[in-house]
Every structure is written in structure tokens, then in C-alpha cells.
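Chains as they are written, first to last, in my numbering: chain A, 1 to 244; chain B, 1001 to 1452.
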């Protein structure tokens, strides 16, 4: 039997789609989220559809002190860890209420970095495994409209890049995923251009393929690579005057 | 991620499968029960929507339409009893894809697989076996309903019985169906042993239906443009689940496997009027001749037998941008022959024949507000136009005259008056809706139009 795939943030739309994708390939699945009771229906669903074993685990990304014991109590060490955890706090509210900003930064950077660091040590020692972090194109350049979110994702992207550098010789793959816009709960109600917006399923497919092909960094829709090249390239004096 | 959040709504242009009427609606896509409860508490008048396969305005509400597609989990399956527990937004197509290869088939299925569990319950759908095995409620063990007060009730024939029988066929107007348990039947093969019979006129097809009482599946395609002595000429298709021994040798090795059907997408809207009396007449003639050639026994895969139109993805576009309306009524056994003649006369005289005309014998009904009754049901569709509206008026009048009633899942045209004239149960349904305060939270554009 294959070693399982662990999904951190498994109640999210992306987490659910990723679980379906890997279960369809016959991987056993470990689902982790803060409210573990909400994972029970997904467990049943994956088991009936794909006949793979599924376990559920309580995981709070902000409770970093519990992360080491979280890893220890897993019944089996996963082959692949996919961290989907994240949130998009309201930028305007964050500017006024910094505790909100802080929670956002901890959820998008600190927590994911801590848990993946701990897994990295385990994986490095045993010499195989894959760590996947869902970061964001918003981390490529800070913008007035969401720089608390963006800066945390920038941190996470840099963290993943460093981790990949460190683990390059150990046989552990580190994959950075930059999804661009995705139709999820987080973006519900926003007017998003359909050519730039992926379905959660597309993200799941992209991740699956990227792991098979041993990729390092992927944009889910290729067009985003070029959009971000452009956005990074705009000189600061001009950038300041744009509303983005 | 903080939860539960109140789901954010967005404005979307929605319509039913007939693409008429089109309505701009506030759409919500809840992911949990608590999100729906919050919407209810905010006092919104809402309707749940599955895959939008009702033809008219049953699953539209301008104020709040709840898209239930996130409720798409299978929760349990008992291989001893065939009982499947599923959330309301699960598509029948997914169930078939998973369970046919394992030797199970829905006890009751409508004529498309692109419907959700919730939608099948709300319309209490019927299939080709209704005369023998009843509508969806006959396969339903229980359902969980979220009602006005934000309470969830488990409803079954023995628990919250009234709520159960008002909800099946209740068109989503009693609450939001969350999940349900219903039964699949064991099958030995994925094939149907089909017998095709040609009937030269209406009397003959009815005689054939009556003689085929014991056959599990039966349905007739009827040429509604034929006139005179050929009025009502039909192709009757009878079917039974094939056993392994019956199958041709090439399929016997893997009896639950069927070759994948080629899917064709209709990529663009046909011009309005592309389906006219001429093209439909030509189509019907070809279909009839082709069936005559194939009359007799054959083995047909489940997908082709039960869901012939599903391989034409987006077939509703052939009616052009104005959309189409479907008319489906049922006439009681005592008046069926006469009444059907009158309906067919009216259709062929108007030259407005639909290329999809279906005749089917129905059996008795359980649900308090479900469509079927013992008799014959006729379904026709027409491209939307001013003339079509006139034909519909005539067809509705004829249905009333012969004591028939109408299928709300297909309707986009009835008036409150006609509905009440056709169906004495309407008044009771409205009374119960008021008494139970379902009217406070649940309404569709259809229920508003029909004053339900």
C-alpha cells in the first residue's frame, strides 16, 4: 500500500478537490482541519467513491506549539504533505485593527512555515517525500489593495524557495503553487475575469501533474506567469500611481 | 479560515433547462447547514436549486437562489440493502458512474442523469418503470429537511410522515433538502434487453402499453405531426435488465462494462426557427423509418436506454436563443384515449410538433403533491414563440376538460386559476404552507406565479 497524502486545510474548496484527485489515484488520504467533525462527510465520500482508507485529524495552524505532537500522533507518516491553509483578511479592516492583520499573517505565513519545517526534518532524515505549499501570486509584489495578505504569501513563497534549496540534495521535493484566481469561498462574490480564474479541480490536477514531473514552482494557469512578470517589471514611480 | 460565514451572494442570470424565462437572481452557494440557517434568519425568501434541469422557473428566485452544488458528498452505502445516503447536490450521473460498474442501478430514474438527488425528490421524478414501481418516493427511505425555523427534520414514511409526503413533489417549497437515503437495485449486467414495437396509431400504442403491464420499463416516442389515420403513430420501447446469460457472448466476459458513448456538444445556439414544422417532420419521418427497421429485440447499454438525449450535451440550444417550453400532463385512465386524441389533434393541427414527444403509462401515486396519477402522460416541447403560447393555452384547456393535471417541473406557463382547476390538492398544499410558515422563507418564481 502506498504511503498517504496529508492535506492541511481539508475543509476548503481547494483541499476537497485535491483530496478527490489523489484518492482517485488510489492514495490513502489523511484529512486535517481545525473542525475535525466537518471532515467526517468528506471521509465517507472519499471512501465510498474511491475505496481508499481515509483518516481525519484535528489541526490548528495558529497553535504552532501543537504542531510537533500533531506530526507524532499521525498513524502513518505521509508521502506527500499539501498545505492549503490560508485566509484573505479584509485589507481595510486590517489597516485599522492590527490584531486582524496579525492573525492573517500568522495563518498565511507563520503557521504553514512551522508545520512544513517540522515535516521537512522528518522527510530529510528518511530521504524522500514531497512538500507542497499553496502560496499566491499576491506575494510577488505588494499592492495597496491586499498587502497584509500579499506580504505573508511573499514570506511563504521565500520560505518554500529556501526549503527547496536546502532539501535539493536530500531527495525531498518542495513544490510552490501559485494558483492565481480560483473560484472558492475566499473569492466568492468577487468579479473575477473568467480567463484568469481556475476551478479548484484545475488546481488539484496541476498539483498532481507537477508532483509527477518533479516541478519546483507552478502557476496553475500559465497566463499568470506573464501577468506577474509584467506587474513586477512596472517601475516603482509608475506603480505607485496605479490602482491595482 | 473563520467560519461559519454568511455566504456572500452574487447576481447571476439564471434560467431553467428550457431557457425560458430568464431571470437575474441573487445567488448563494452555501457550504454548510449553518450558512443556510443564517440566510433563513436574515429573512430571505429563497429556493434551493440543484443542477437547473427543471424546464421553467421552478428553481429560480430573484431574491435568493441557493445553489446546492457544494453539498455533493456520498455519506454511506449499504451493499446488503442497496441503500445509498447522499447529500442533496450529488448528481445522478456521478452515482451511475460509481455504482453501475459495481452492479447497482437506481430503483427509479428520470430521463436525464444530469439531475441532483435534491431535485429528484423535489419533483418526485418518475421513470420508465412508473407503472410498476412508482416515482422516486418509492425508492426513498428518508430525507433530512431544513425548515423555516432553522430546524432539521429527519422525514420518512414513519417519522414526520406529513412533512415527508409534502416534501416529495413539493418543488422545494417546504424547506431545503439536505441529504437523503434511497435504494439502488442490484443488476447483473449494464445492459437492457429492449423490445421495440411499432404502433400505427394511438389506439394501437395504448393497447400495447396495456398488454405490457408486467414489463419493467416502457416508454413510447410519438410522432405528433402525423395526421388522419396515422394520428398518434408511435415507437414503443420495452425493456428489462438483461441477465448475464442473455447477453451476446462478446459482452458476457465483462457484463457491467459498456462501451463509452460518444458525446456531442451543441456549441452554439441554433438560429431561432431552425426547428420548424418542416425540419421536425423530416426528423420524425427518419426516426420512424429507422425504428421500423430496428423493430424487435436488441441489447442496449443503460446510458442509451435511459438517457438517450444526455449524449447531446446542451441539446436545449437547438431551439435557439428564445428557448423552448415543455408541456407535460397526465390524463386519468378513464379519459386517456379520448383526451390524448384531442391533445394530438391540437398539436398536429397547429403544425407545431416537437421532435421530442413522449407517451408513458403511469401508475398510482403516494406523495401528497406529486405529479403522477394512474393514467397516461404526454410530454411535448415547443420552441418559444407567440404561437406556442396559444397552443399551450389550448393544450391546457384540453387537459382540464379531460380531468388531467400538469407537471410543475416542466411548467413555465400555467396560471394560478388553471392549476387550481386541474388539481384539488393545490388548495390544501397552500393551506399547509401557510400554517407551517413555509411561505415565510421558501418561494420560487414559479410558486409566486402560481400563488402557491
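C-beta: ideal position from N, C-alpha, C; glycine also. Keep in mind it's a predicted model, so treat the numbers as computed, not measured.
Own chain partners of residue 1122/B with C-beta closer than 7 Å, once the 5 adjacent residues on each side are dropped: 1170, 1171, 1172, 1177
Chain-ordered chain A contacts of residue 1103/B [CB-CB under 7 Å]: The contacting residues do not exist; residue 1103/B stays about 14 Å from chain A at best.
What's the gap between the Cα of residue 36/A and the Cα of residue 1164/B? 31 Å
Taking residue 1364/B as the reference, give the member of 1357/B, 1375/B, 1110/B, 1358/B with the closest Cα. 1375/B
Among 74/A, 236/A, 184/A, nearest to residue 15/A - alpha-carbon criterion: Nearest option by C-alpha distance: 184/A.
For residue 154/A, the nearest candidate out of 241/A, 166/A, 24/A, 113/A (CA to CA): 113/A
Answer with buried or exposed for residue 1013/B, where buried requires no fewer than 16 other C-beta atoms within 10 angstroms of its C-beta. exposed
Based on the DSSP secondary-structure assignment, which residues constitute the bridge partners of residue 1434/B? Per DSSP, none; premise fails for residue 1434/B.
Residue 1023/B, enclosing alpha helix (DSSP H) - first and last residue: Unbroken run through residue 1023/B is the beta strand (DSSP E), 1022-1028; no alpha helix (DSSP H).
Would you call the region 215-230 of chain A in contact with the region 1027-1037 of chain B, where contact means no fewer than 3 C-beta pairs closer than 8 Å? Judged by Cβ distances under 8 Å, the region 215-230 of chain A makes no contact with the region 1027-1037 of chain B, as fewer than three pairs qualify.
Taking C-beta to C-beta, are residue 223/A and residue 206/A nearer than 8 Å? Not closer than 8 Å, so no.
Cβ-based neighbour list, residue 1101/B, same chain, cut-off 6 Å, excluding 5 preceding and 5 following: 1256
Where the region 33-45 of chain A meets chain D: residues whose CB sits under 7 Å from a CB there: Protein chains A and B are contained in the structure displayed, whereas chain D is not.
Got a sec: is the Cβ-Cβ distance from residue 49/A to anything in chain B below 8 Å? yes
Return no unless some Cβ of chain A is closer than 8 Å to the Cβ of residue 1314/B. no
What are the residues of the region 1170-1184 of chain B that lie near chain A, defined by any Cβ-Cβ distance shorter than 8 Å? Within the region 1170-1184 of chain B, no residue places its CB atom closer than 8 Å to a CB of chain A.
So which of 1131/B, 1140/B, 1327/B, 1309/B has the shortest CA-CA distance to residue 1056/B? 1327/B
If you measure beta-carbon to beta-carbon, which residues of the region 174-207 of chain A are closer than 9 Å to chain B? 185, 186, 188, 189, 190, 191
For the region 1032-1103 of chain B, list the beta strand (DSSP E) runs that are entirely contained and at least 3 residues long, ordered along the chain. 1047-1049, 1065-1067, 1074-1078, 1083-1087
Check this for me: beta carbons of residue 1143/B and residue 1197/B, under 8 Å apart or not? no
Can you give me the Cβ contacts of residue 1314/B inside the same chain, cut-off strictly under 7 Å, excluding the 5 residues immediately before and after it? 1265, 1266
Paired residues, beta bridge with residue 198/A - DSSP: 182/A
Residue nearest to residue 191/A in terms of C-alpha spacing, selected from 1382/B, 1433/B, 1009/B: Its Cα nearest to that of residue 191/A, the residue 1009/B stands out among 1382/B, 1433/B, 1009/B.
Which of helix, strand or coil DSSP assigns to residue 1450/B: coil
Step through the CB atoms of chain A and report whether any lies within less than 8 Å of the CB of residue 1337/B. False, the Cβ-Cβ gap to chain A never drops below 8 Å.
Do residue 1454/B and residue 1133/B have their CB atoms nearer than 8 Å? Nothing about residue 1454/B can be reported from this structure: the residues present for chain B run from 1001 to 1452 only.
Any C-beta of chain A under 8 Å from that of residue 1077/B: yes
Under 8 Å by beta carbon: chain A residues contacting residue 1074/B: 44, 45, 48, 49
Using the C-alpha atoms, what's the distance from residue 1300/B back to residue 62/A? 57 Å
Extent of the continuous beta strand (DSSP E) to which residue 1237/B belongs: Taken as a continuous stretch (DSSP letters only), the beta strand (DSSP E) holding residue 1237/B covers 1234-1241.
Hey, does residue 1029/B have any beta-carbon neighbour from chain A nearer than 8 Å? yes
What is the DSSP secondary structure of residue 224/A, counted as helix, strand or coil? Correct three-state label for residue 224/A: helix.
Endpoints, beta strand (DSSP E) assigned at residue 21/A: Counting along the chain, residue 21/A falls outside any beta strand (DSSP E), though it belongs to the alpha helix (DSSP H) covering 13-24.
Classify residue 1377/B as buried or exposed, calling it buried when 16 or more other Cβ atoms lie within 10 Å of its own Cβ. buried
Which whole-angstrom value describes the C-beta separation of residue 1084/B and residue 1113/B, a residue pair presumed to lie in contact below a C-beta threshold of 8 Å? About 15 Å; that fails the 8 Å criterion.
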